[in-house]
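**Student:**
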Amino acid sequence: MLQYIDKTIPAEDSQDIIEDIPYVDIIQGSRRTPNGSSPGLDVICYEILHFLVINPSCEAVILQVFNYALSLGKFPKSWQESCIVLLPKKGDLTDLGNYRPITLIASDCKVFTRQLNSRVLDVASDLIGSHQSGFLREYAGIMLDNAKAYDRVHPQYISKVLVNFGFPKQFVQCICKLFFDNSICVNVNGFLTDPIEQRHGIRQGDSISPMLFNLAIEPFLLSVTKSTTTSGYSLQHVKPISKRTNSWVAPPPLKVLAYADDVLTFVKSRTELLDLEERLRTYNKASNSKINYDKSVAFPLHGGRMTSPTDGLIQDHATNNLKIKWYDSTSTGFIKYLGYPIWFCNQQRDVYIAKLLGDIATAVERFAARQVSLYGRANIANTMILSKLWHVIRIVSLPKDTVKKITSIIYQFVMSGLYLPLKGNSLSSYQGIKAA
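For the numbering used here, add 8 to where a residue sits in the sequence shown, where the first one is 1.
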């Protein structure tokens, strides 16, 4: 995997990453933290932390703690003790796999990792490749489901990845000690389990964790992008090189898309699918990653049946060998990618619309009993009821009658209780006064 890394951090940027953290950055970091969020096991909330940081008598101690952590990898005990709370996801809640673990970390530790994250972000855009999206007939897309992606990252793997990207060994040592040389306990119904040693996994809830995972998965994405077996495809449209010339050029072939651990790949033949399978196997061995093939989905980009012999081999290997779910225009329901629904026929669209209207109606019923102002209802409608819809309609076009139904539901929710019902003689009394 590491052989595909072809970009490294310049020496001057590498040195900037491990420079001492100035106190003004710590003050700004503590000020930017959200009030009211859950603290770590030391129960020091952000409000108290900010009060301590702005106290001049604490400056020397706090500077020493932060810069010792960065330069020597020595941390306060509270930074290496964390608590995991389990947030329910969809599905059977008796299945532990349907919970998302969120780590509650010491507030001062999160201020520290935010400083590291800001430094990594300054160089990460030059290390991580950009990927384009599009659809073309005769290709199959495969949405890969990573099993507990963050929890499975191996310390030796992420360490070697960071070194190969050119991060200073001092920084790598700091990250590995902070993430893998600590203990965690789990909050179960308000009771804490005994501490257990964390041997792998990057904690969800830390600001630097998403970027660390992006760097961890980048070698796999590069291996697919640089594969000579995988042809990829060129987008159907082309773009001009400049406004002053009539020359046009097609974008590079697209082979893989990724958003954190949501990976979408494109194959045109069984040979390309086998090549992808082998690269996944290599990545899994190197990083401790695991693909849930039974939760992954393969689909033809044209939406119809795979009628040609070549297309049939893709479907056969995906469903029979890899046990991947196959979705096309003959399937029921719809599938999602990054929260956006995908359908290939009107019946599948209608299933999505029915679910959408049902979810909105359920949410309206839940909030309708609350005694809030007109402004409050409008705010609830925008943020709590329609928030997912705003995301979807950026790409998905809904039928006009569906938009009218949604508008009617929301209008009735917002305006309900605004006008008091008139008594039977109210109108006649008003008309009598006017006539007089």
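C-beta: ideal position from N, C-alpha, C; glycine also.
Within a Cβ cutoff of 7 angstroms, which residues of the same chain sit near Ala386, ignoring the five residues on either side of it in sequence?
**Tutor:** Counting from one through the sequence shown, the residue named residue 386 turns up at place 378. These residues qualify, in order along the chain: Val422.
**Student:** Count the CB pairs spanning the stretch 176-194 and the stretch 80-95 that are closer than 8 angstroms, and state whether there are at least three.
**Tutor:** These segments touch.
**Student:** On the CB-based measure, 16 or more other CB atoms within 10 Å of its CB, does Asn329 come out buried or exposed?
**Tutor:** Your numbering for residue 329 matches position 321 in the sequence shown. Exposed, because fewer than 16 other Cβ atoms sit within 10 Å of the Cβ of Asn329.
**Student:** Which stretch, first to last residue, makes up the beta strand (DSSP E) that contains Asp324?
**Tutor:** Here residue 324 refers to the residue found at position 316 of the sequence shown. Looking at the DSSP string, Asp324 is not in any beta strand (DSSP E); the run it does join, the alpha helix (DSSP H), is 317-324.
**Student:** Count the other C-beta atoms from every protein chain shown that fall within 10 angstroms of the C-beta of Ser316, then say buried if there are 16 or more, exposed otherwise.
**Tutor:** Against the sequence shown, residue 316 aligns to sequence position 308. Ser316 comes out exposed.
**Student:** According to DSSP, is Tyr383 helix, strand or coil?
**Tutor:** Translated into positions along the sequence shown, residue 383 becomes position 375. In the structure shown, Tyr383 sits in a helix (DSSP, three-state: H, G or I).
**Student:** Pull up the distance between the alpha-carbon of Gln164 and that of Asn190, whole angstroms please.
**Tutor:** What you label residue 164 is simply residue 156 of the sequence shown in a count that begins at 1. What you label residue 190 is simply residue 182 of the sequence shown in a count that begins at 1. Whole-angstrom Cα-Cα distance: 15 angstroms.
**Student:** Inspect the CB distances between the stretch 221-229 and the stretch 167-174 and report whether three or more fall short of 8 angstroms.
**Tutor:** Flag = yes, the stretch 221-229 and the stretch 167-174 touch.
**Student:** Under 8 angstroms between the Cβ atoms of Pro176 and Ile25?
**Tutor:** Sequence index remark: in the sequence shown, residue 176 carries index 168 (1-based). Sequence index remark: in the sequence shown, residue 25 carries index 17 (1-based). Contact flag set, yes.
**Student:** Within this structure, are the beta carbons of Ile343 and Val372 separated by less than 8 angstroms?
**Tutor:** Position 335 of the sequence shown, counted from the start, is the residue given in the question as residue 343. Position 364 of the sequence shown, counted from the start, is the residue given in the question as residue 372. Taking 8 angstroms as the Cβ cut-off, Ile343 and Val372 do not qualify as a contacting pair.
**Student:** Measuring only the C-alpha atoms, how far is Pro260 from Leu78?
**Tutor:** Translated into the one-based positions of the sequence shown, residue 260 becomes position 252. Translated into the one-based positions of the sequence shown, residue 78 becomes position 70. Cα to Cα, the separation comes out at about 40 angstroms.
**Student:** CA-CA distance, Gln178 and Tyr301?
**Tutor:** Start at 1 with the first residue of the sequence shown, and residue 178 comes out as number 170. Start at 1 with the first residue of the sequence shown, and residue 301 comes out as number 293. If I take the Cα positions, the gap works out to 38 angstroms.
**Student:** Looking at the secondary structure, which residues open and close the alpha helix (DSSP H) in which Asn125 lies?
**Tutor:** For this step, residue 125 is matched to residue 117 along the sequence shown. Run containing Asn125: 115-132, per the alpha helix (DSSP H) assignment.
**Student:** Quick check on the burial criterion: 16 or more other C-beta atoms within 10 angstroms. Buried or exposed for Val411?
**Tutor:** If you number the sequence shown from 1, residue 411 lands on position 403. The residue in question, Val411, is exposed, as its Cβ has fewer than 16 Cβ neighbours within 10 Å.
**Student:** Among Gly320, Val380, Leu406, which residue has its Cα nearest to the Cα of Val359?
**Tutor:** As a first step, residue 359 must be located in the sequence shown, where it is residue number 351. The residue with the shortest Cα to Cα distance from Val359 is Leu406.
**Student:** Measuring only the C-alpha atoms, how far is Ile56 from Pro47?
**Tutor:** In the sequence shown, the residue the question calls residue 56 occupies position 48. In the sequence shown, the residue the question calls residue 47 occupies position 39. Those two C-alpha atoms are separated by around 11 angstroms.
**Student:** Would you tell me roughly how many angstroms separate the C-alpha atoms of Trp87 and Ala114, rounded to the nearest one?
**Tutor:** Position 79 of the sequence shown, counted from the first residue, corresponds to residue 87. Position 106 of the sequence shown, counted from the first residue, corresponds to residue 114. C-alpha separation (whole angstroms): 6 angstroms.
**Student:** Measure the alpha-carbon distance for Pro18 versus Leu135 and round it to whole angstroms.
**Tutor:** On the sequence shown, position 10 is the one that residue 18 refers to. On the sequence shown, position 127 is the one that residue 135 refers to. Taking the straight line joining both Cα atoms gives about 11 angstroms.
**Student:** With DSSP run on the structure shown, which of helix, strand or coil describes Cys193?
**Tutor:** Within the sequence shown, the letter at position 185 stands for residue 193. Cys193 falls in the strand class under three-state DSSP.
**Student:** Three or more C-beta pairs closer than 8 angstroms, one from the stretch 269-289 and one from the stretch 230-238: is that the case here?
**Tutor:** At 8 angstroms Cβ cutoff, the stretches touch.
**Student:** Can you tell me where the beta strand (DSSP E) with Tyr107 in it begins and where it stops?
**Tutor:** The count along the sequence shown starts at 1 and reaches residue 107 at position 99. It spans 107-112 - the beta strand (DSSP E) in which Tyr107 sits, taken as one unbroken run.
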